[in-house]
Structure formats: structure tokens, C-alpha cells
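Colleague: Handing you this structure, nothing more for now.
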Amino acid sequence: MVSQRTLSTAEARRSDVLAAATHAFARGGYWGTNTTEVARAAGISQAYLYRLFANKEELFVAVIGEVHRRLEQDAARALDGAAPGGELAALLSANHGAPLDHDAAMVLLHAAAASSIEPIGAAVRRCYRDQARHLAGRGLSEADIRSYFAWSQYANTLKAAGITPDASDDTLAHLLPS
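Residue numbers (numbering that gives the first Met the number 0): 0 to 177.
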């Protein structure tokens with residue numbers, strides 16, 4: 000029983016670390032973030048961080064995985080309520096209505112920029128490949144999947160730059176769908 004309690008605590012800590020790391024990597028990217036600041040933000044020692052994750056690459060890959068999981072959940076929710084033939088519209092509406100939060104959008108941009116580091120590149124490719132397979136499995140055409148990816152990249156880039164539908168003073172805000 001004691002080992003089960005330890006596992007539960009480690010899993011909870013891992014979740015806390017991923018939340019802190021998501022915020023840190025969103026701010027500084029892969030190269031500008033160090034594990035000391037992630038550990039401090041998570042309220043743990045750097046030594047304990049390295050018990051949870053072998054190195055910074057593994058931590059960043061886990062953060063990408065968490066963002067990937069959230070993307071899949073958001074897409075599934077949007078598609079569950081979609082009328083037949085209206086899947087792309089449902090995805091785009093969901094993306095516009097409740098786009099990925101700023102930290103997740105920034106992580107995706109930083110992950111693409113750091114994809115020359117192979118464990119990170121593999122995680123980025125897996126994220127997009129799995130999304131494409133999921134969407135195809137839900138009946139979207141290749142053209143719809145390309146449109147979804149194009150819109151998502153566009154929306155994430157604008158979101159990362161702070162351009163949102165409610166930024167009425169921004170001349171680019173009108174480019175977002177209403």
C-alpha cells in the first residue's frame with residue numbers, strides 16, 4: 000500500500016511539474032528555459048524533477064504530449080456535436096470560440112522551432128500525425144484536414160501574438176472569423 004501512495008504522489012507531482020513546465024516553456028521556449036526555474040515554479044527540487052524526467056528534452060516532449068492530449072480532447076468534443084458534413088465547420092467554430100490557451104499555443108510554436116532536436120521533432124510529428132489520423136477516422140477529407148491544420152496554425156500564431164477577437168483596437172482582429 001505504501002508504494003501505491005508514493006506512486007499517486009509522484010503522479011500528482013508530475014502533473015504539477017507539467018503545468019509549471021508548460022508555462023515556463025511557453026515563455027522561454029526550449030532553449031530559453033532551464034530546469035531550475037521549472038522545478039522552482041513546481042515547488043520541487045531540481046533533483047526531484049530529474050527523478051520524474053530524465054532530462055530537459057524528456058520534460059519538453061512530455062509537455063508537447065500534454066498539449067497534444069488537450070488538442071485531441073478539444074477536437075473530439077467539437078466533432079461529437081457536429082452534423083454530418085459539418086465536421087470542419089464544427090472544428091473551426093470550436094477553435095475560434097475557445098482557442099487553445101496562450102501557453103499551449105506558444106508551446107506548439109516553440110516545439111516546431113525546436114524540432115531539429117530529434118526527440119522533440121518526433122513528438123511534433125506524432126502530434127500532427129495523430130491529429131490527422133483522428134480527423135480522418137472521424138470522416139474528414141484530406142482537404143478538410145489541411146484546412147483545419149492551416150486554420151489552427153493561423154489561429155495559434157495570432158493567439159501567441161496576442162491578437163484575439165476581443166482585441167477590438169487591433170487592426171488584425173477583424174481577420175478572425177466571427
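Quick reminder that beta carbons are idealized off the backbone N, C-alpha and C, glycines included.
Can you round the beta-carbon distance between R137 and E86 to whole angstroms, since I take them to be within the 8 Å contact cut?
Modeller: The sequence position of residue 137 within the sequence shown is 138, counting from 1. The sequence position of residue 86 within the sequence shown is 87, counting from 1. Yes, R137 and E86 are in contact; Cβ-Cβ is about 6 Å, under 8 Å.
Colleague: Given D143, which residues of its chain have a CB within under 6 Å of its CB, disregarding the five upstream and five downstream residues?
Modeller: On the sequence shown, residue 143 is found 144 positions in, with the first residue counted as 1. L87.
Colleague: Does T32 come out as helix, strand or coil in the three-state DSSP assignment?
Modeller: Reading the sequence shown from its first residue, position 33 is the one you call residue 32. DSSP places T32 in coil when its eight states are reduced to three.
Colleague: Could you tell me whether the segment 36–43 touches the segment 112–131, where touching means 3 or more Cβ pairs closer than 8 Å?
Modeller: Taking 8 Å as the limit for Cβ pairs, the verdict is that the segment 112–131 does not touch the segment 36–43.
Colleague: Mind checking whether F52 and F24 have CB atoms under 8 Å apart?
Modeller: Taking the first residue of the sequence shown as 1, we reach residue 52 at position 53. Taking the first residue of the sequence shown as 1, we reach residue 24 at position 25. Cβ distance not < 8 Å, so F52 and F24 don't count as in contact.
Colleague: Would you be able to state if there are at least three C-beta pairs under 8 Å between the segment 60–68 and the segment 103–117?
Modeller: Yes, the segment 103–117 touches the segment 60–68.
Colleague: Quick one: measure Cβ to Cβ for A89 and A77, integer angstroms, because I've assumed they're closer than 8 Å.
Modeller: Taking the first residue of the sequence shown as position 1, residue 89 is located at position 90. Taking the first residue of the sequence shown as position 1, residue 77 is located at position 78. With a Cβ gap of about 5 Å, A89 and A77 count as contacting.
Colleague: In chain order, what residues of the same chain have a beta carbon less than 8 Å from the beta carbon of Q45, not counting five sequence neighbours either side?
Modeller: Here residue 45 is taken as the residue at index 46 of the sequence shown, counted from 1. Excluding residues within five positions, the ones whose Cβ falls inside 8 Å are T34, T35 and A38.
Colleague: Which class does D165 belong to by DSSP, given the choice of helix, strand or coil?
Modeller: Your numbering for residue 165 matches position 166 in the sequence shown. It is coil, neither helix nor strand.
Colleague: Which of the three DSSP states, helix, strand or coil, is assigned to S151?
Modeller: For the purposes of this step, residue 151 is identified with residue 152 of the sequence shown, where counting begins at 1. Three-state result, S151: helix.
Colleague: Is the distance from the Cβ of A74 to the Cβ of L134 below 8 Å?
Modeller: On the sequence shown, residue 74 is found 75 positions in, with the first residue counted as 1. On the sequence shown, residue 134 is found 135 positions in, with the first residue counted as 1. In contact: A74 and L134 (Cβ atoms closer than 8 Å).
Colleague: Between N54 and L107, is the Cβ-Cβ spacing less than 8 Å?
Modeller: Stepping through the sequence shown from its first residue, residue 54 is reached at position 55. Stepping through the sequence shown from its first residue, residue 107 is reached at position 108. It is not a contact, given that the beta carbons lie outside the stated cut-off.
Colleague: Can you look up P83 in the DSSP assignment and give me helix, strand or coil?
Modeller: Here the question's residue 83 lines up with position 84 in the sequence shown. Reduced to three states, the DSSP call for P83 is coil.
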